[in-house]
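Engineer: Take 1 as the starting number for the sequence shown in the working numbering and just add one per residue.
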Amino acid sequence: MSVDIGNRLRHLRLMHNLSQRELAKRAGVTNSTISLIESNASNPSVGALKRILDGIPIGLAEFFSFEPERPRKAFYAAEELVEIGKGPISYRQIGDNLFGRSLQILKECYQPGADTGKVPLVHEGEEGGIVLSGRIEVTVDDERRILGPGDAYYFESRRPHRFRCVGPVPCEVISACTPPTF
């Protein structure tokens, strides 16, 4: 798989409203170095690329997950939802490229007995969801509730939380979190 480093760098630089000269100054390289990389006339080492990306600032992982050429869609057919879960919990995400997005929306399906784990989840942001079908036990801090169809939750994600399907049938939830977690 070939990665167009120059095009990615140019798109990210422009997204952050940086000139080649400003990025070069921040990264401690010449602006001709930035120009050569963006035109794919030069291929930087990982260390050099990291220094340049620190000037934006953006990490290597985020840089390589960025897909600048793909237009952002507004509508998605059911078969276009991206499965990002595995095992007894299905997480079907709207959109396959959340780079630069601040919201993640999921259709979650928990098989009977499925659990996010004994160790509570904790991360930055907020999340909320509405139960479509089935029953799910949601624990936030020391508070535990069993939610059914039409019931909802909304909390700050830095509070320890856990989800568990407690009924004999699968539980479906539509959820949203910010920033994207998965």
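A virtual CB, placed ideally from N, CA and C, is assigned to each residue, including glycine.
Taking D115 and R164 to be in contact with their CB atoms under 8 angstroms, please state how far apart those CB atoms are, rounded to whole angstroms.
Structural biologist: The pair is a contact, with the Cβ atoms about 4 angstroms apart (cut-off 8 angstroms).
Engineer: Where does G47 sit, in a helix, a strand or coil, going by DSSP?
Structural biologist: In the structure shown, G47 sits in a helix (DSSP, three-state: H, G or I).
Engineer: Which residue comes first and which comes last in the beta strand (DSSP E) that contains A176?
Structural biologist: C171 to T178 is the extent of the beta strand (DSSP E) around A176.
Engineer: Which term fits I136, buried or exposed, when burial requires 16 or more other beta carbons within 10 angstroms of its beta carbon?
Structural biologist: So I136 counts as buried.
Engineer: From L9 to E38, what does the alpha carbon distance come to, in whole angstroms?
Structural biologist: The alpha-carbon atoms of L9 and E38 are separated by roughly 6 angstroms.
Engineer: Given a cut-off of 7 angstroms, decide if Y154 and G128 are closer than it, judged by their beta-carbon atoms.
Structural biologist: Yes, the pair counts as a contact, with Cβ atoms nearer than the cut-off.
Engineer: Does the Cβ of L23 have 16 or more other Cβ atoms within 10 Å, making it buried, or fewer, making it exposed?
Structural biologist: Counting Cβ neighbours within 10 Å, L23 comes out buried, since at least 16 surround it.
Engineer: So is the beta-carbon of C177 under 6 angstroms away from any non-hydrogen atom of the ligand SAM?
Structural biologist: The ligand SAM is absent from the structure shown, which contains no ligand whatsoever.
Engineer: For Q20, report the span of its alpha helix (DSSP H) as first-last.
Structural biologist: First-last of the alpha helix (DSSP H) with Q20: Q20 to A27.
Engineer: State the start and end residues of the unbroken alpha helix (DSSP H) segment that holds F63.
Structural biologist: Here the alpha helix (DSSP H) through F63 covers L60 to S65.
Engineer: Could you compute how far the alpha carbon of T181 sits from the alpha carbon of H123?
Structural biologist: About 8 angstroms.
Engineer: Quick check: what's the CA-CA separation for R21 versus L81?
Structural biologist: Their Cα atoms are separated by approximately 40 angstroms.
Engineer: Can you list, in chain order, the stretches of the beta strand (DSSP E) that have 3 or more residues and sit fully within the segment 67 to 106?
Structural biologist: Taking only runs of at least 3 residues, the beta strand (DSSP E) segments lying wholly in the segment 67 to 106 are 89 to 93.
Engineer: The beta strand (DSSP E) that contains E38, what's its start and end?
Structural biologist: It is not in any beta strand (DSSP E) - E38 instead sits in the alpha helix (DSSP H) that spans N31 to E38.
Engineer: Only counting the same chain, and skipping five residues up and downstream in sequence, which positions put a Cβ closer than 6 angstroms to that of M1?
Structural biologist: Here M1 scores only 42 on pLDDT, less than 50, and its place in the model should not be relied on; the value that follows carries that caveat. Answer for M1: no residue qualifies.
Engineer: Residues in its own chain within less than 6 angstroms of V169 by CB, not counting five upstream and five downstream?
Structural biologist: For V169, where only same-chain residues beyond five positions count, the Cβ hits under 6 angstroms are G134.
Engineer: Rounded to whole angstroms, what's the CA-CA distance from L49 to P57? Just pull it up for me.
Structural biologist: Their backbone Cα atoms lie some 12 angstroms apart in a straight line.
Engineer: Which term fits S157, buried or exposed, when burial requires 16 or more other beta carbons within 10 angstroms of its beta carbon?
Structural biologist: Answer is buried; the Cβ neighbour count reaches 16.
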